[in-house]
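Visitor: Number 234 in the working numbering belongs to position 230 of the sequence shown; there are no gaps in the numbering.
Glycine residues also receive a C-beta, built at the ideal position from the N, C-alpha and C atoms.
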Amino acid sequence: MKITFENPDKINGLITLTVEQEDYKENVEKELKKLRRKANVPGFRPGMVPMGMIKKQYGMAAKMEQINRLVGEEMYKYIRENNIQMLGEPLPSDKQEPQDLENDGPFTFIFDVAVAPDFHITLDSADTVAYYKVKVDDELIDKQIDSYASRYGHYDKVEQFNPEERDMLKGDLRELDADGNTLEGGITVADAMLMPQFIKADEQKDLFKNAKLGDIIIFNPRKAYPDNDAEVSSLLKIEREQVGEHTGDFSYQVTEISRYVKAAVNQELFDNVYGDGNVADETAFRARIADELRSSLALESDYHFLHDVRTYAEEKVGELTFPEELLKRVMKENNKDKDADFVEKNFAGSIRELKWHLIKEQIVEAHEVKINDADVKKVAIEDARAQFAQYGMTQVPDDYLENYADEMIKKKENVNAYVDRAVDVALIGVLKNAVHLDEKEITFEELRALN
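1) Mind checking who residue 186 pairs with in its DSSP beta bridge?
2) Specify the secondary structure class of residue 53 as computed by DSSP and reduced to three states.
3) Does residue 184 pass the burial test, meaning 16 or more other C-beta atoms within 10 Å, or should it be called exposed?
4) Contact defined as beta carbons within less than 8 Å: I believe residue 439 pairs with residue 126. What is the distance between those atoms, to the nearest angstrom?
5) Work out the CA separation of residue 424 and residue 135 for me, nearest whole Å.
6) So the candidates are 276, 71, 321, 137; which of them puts its Cα closest to the Cα of residue 107?
7) Among the candidates 187, 75, 390, 264, whose CA atom is the shortest distance from the CA of residue 166?
8) From the DSSP output, in three-state form, read off residue 132 for me.
9) What are the boundary residues of the alpha helix (DSSP H) that residue 356 is part of?
10) So is residue 113 buried or exposed if we call it buried at 16+ other beta carbons inside 10 Å?
11) Can you tell me where the alpha helix (DSSP H) with residue 97 in it begins and where it stops?
12) Considering only C-alpha positions, which residue in the set 18, 66, 46 is nearest to residue 38?
13) Around the C-beta of residue 256, are 16 or more other C-beta atoms found within 10 angstroms, so that it is buried, or is it exposed?
14) May I ask you to report which of helix, strand or coil DSSP gives residue 16?
15) Which residue comes first and which comes last in the alpha helix (DSSP H) that contains residue 119?
16) Suppose the cutoff is 6 Å on Cβ atoms and the five residues either side in sequence are ignored; what does the same chain contact list for residue 309 look like?
17) For the alpha helix (DSSP H) containing residue 306, name the first residue and the last one.
18) Residue 368 and residue 431 - do their beta-carbons sit closer together than 8 Å?
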């Protein structure tokens, strides 16, 4: 087989493969012999079907299969051995002419190949990148304590609704007729739950402003939650499709008012957050929170540092020229299920990500950044820990987190993301020691403002 590669502009490559009969003949014959052994043709014992009959029935398909396999294998072998940095997959070229596979050859196959732009980047002590350390001060600790107090609070019964509080109402809901009387056969809901703060329409929300126990309030659920049939159906205990049949007023008699009260900062809160007896007093509570904040904020600082490294590296590399028309073809080929303008809408963003991907590849290789299964699992465990923390579960046992992470890693759709994050973690650690850090101490709000 003869293979040639043309790359005159350095980014649009053309691979030409010429296949001779001797390249595929032996494999085709082997395949036909396998088919002969398996063929089940009436009138012939297994394995005794005449080869001529096998060739007539299966010869062309076997020939095409072996040529396609050979072309694919040899093309990728050539790309690998010649260190061609290909973007996406090769595509059949417009220069390809029809091939008559009825003949023995030679056959010529031509493919367009998008080639990565040639550039080189190094990052070392001569490069300065900002690194922002977040101050863990009393204000930040107080905010975290307030968050815990809110998470572990409770509801108390009160006599009057206060719109400034997180009050929750319970009451009896009845559908009314046009005259304001209870509609016969209409909807009634006992102990219907309402949080007026979340009513969208102000004029409906104001009807509950001074509500007291026993008050009867006339309001319109459909007007209260415009364009939100799901909320109305939940309140009225009906199917979403039925909401349009109940557009009138309802009466709501308040039977209970509950006010959310934050937890007191005491031993009960300490135990809820960190487990029974693990924190003895408020001083120890604040110290534990400070340690956790330093750890979590260090991660925030690290990822912002990586973002700044990306910006710095992209500016250092400058503009890169990509084979845009060919990459658009590749993008269309990979997104056949998307609408016609998908590529135009997303191409610029795709090129930005591709540029960073190429830069990052060089940096990772230059600094010999490597990860293993343990690094990937560690990332999955931290992801699991964060997921549980969202639901207030901050003391999940390590073995449970490990088992949960193992299950997440088994899902193929998660693995690539975990690998990428593990590489980022390793890269951050390496680059913090490689480049010159311009360290700056800032507040948490200032860090968030930078993102």
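Guide: Quick look at the numbers:
1) 180
2) coil
3) exposed
4) So it is not a contact: roughly 10 Å between Cβ atoms.
5) 22 Å
6) The residue from 276, 71, 321, 137 with its alpha-carbon nearest to that of residue 107 is 71.
7) Relative to the Cα of residue 166, the nearest Cα in the group 187, 75, 390, 264 belongs to 264.
8) strand
9) 346–370
10) buried
11) That residue, residue 97, is in no alpha helix (DSSP H); it is neither H nor E in DSSP.
12) Cα-wise, what sits closest to residue 38 is 66.
13) By the neighbour-count criterion, in which 16 or more other beta carbons inside 10 Å mark a residue as buried, residue 256 falls on the buried side.
14) Strand at residue 16.
15) Residue 119 -> not in any alpha helix (DSSP H); beta strand (DSSP E) instead, spanning 111–119.
16) 135
17) 286–321
18) yes
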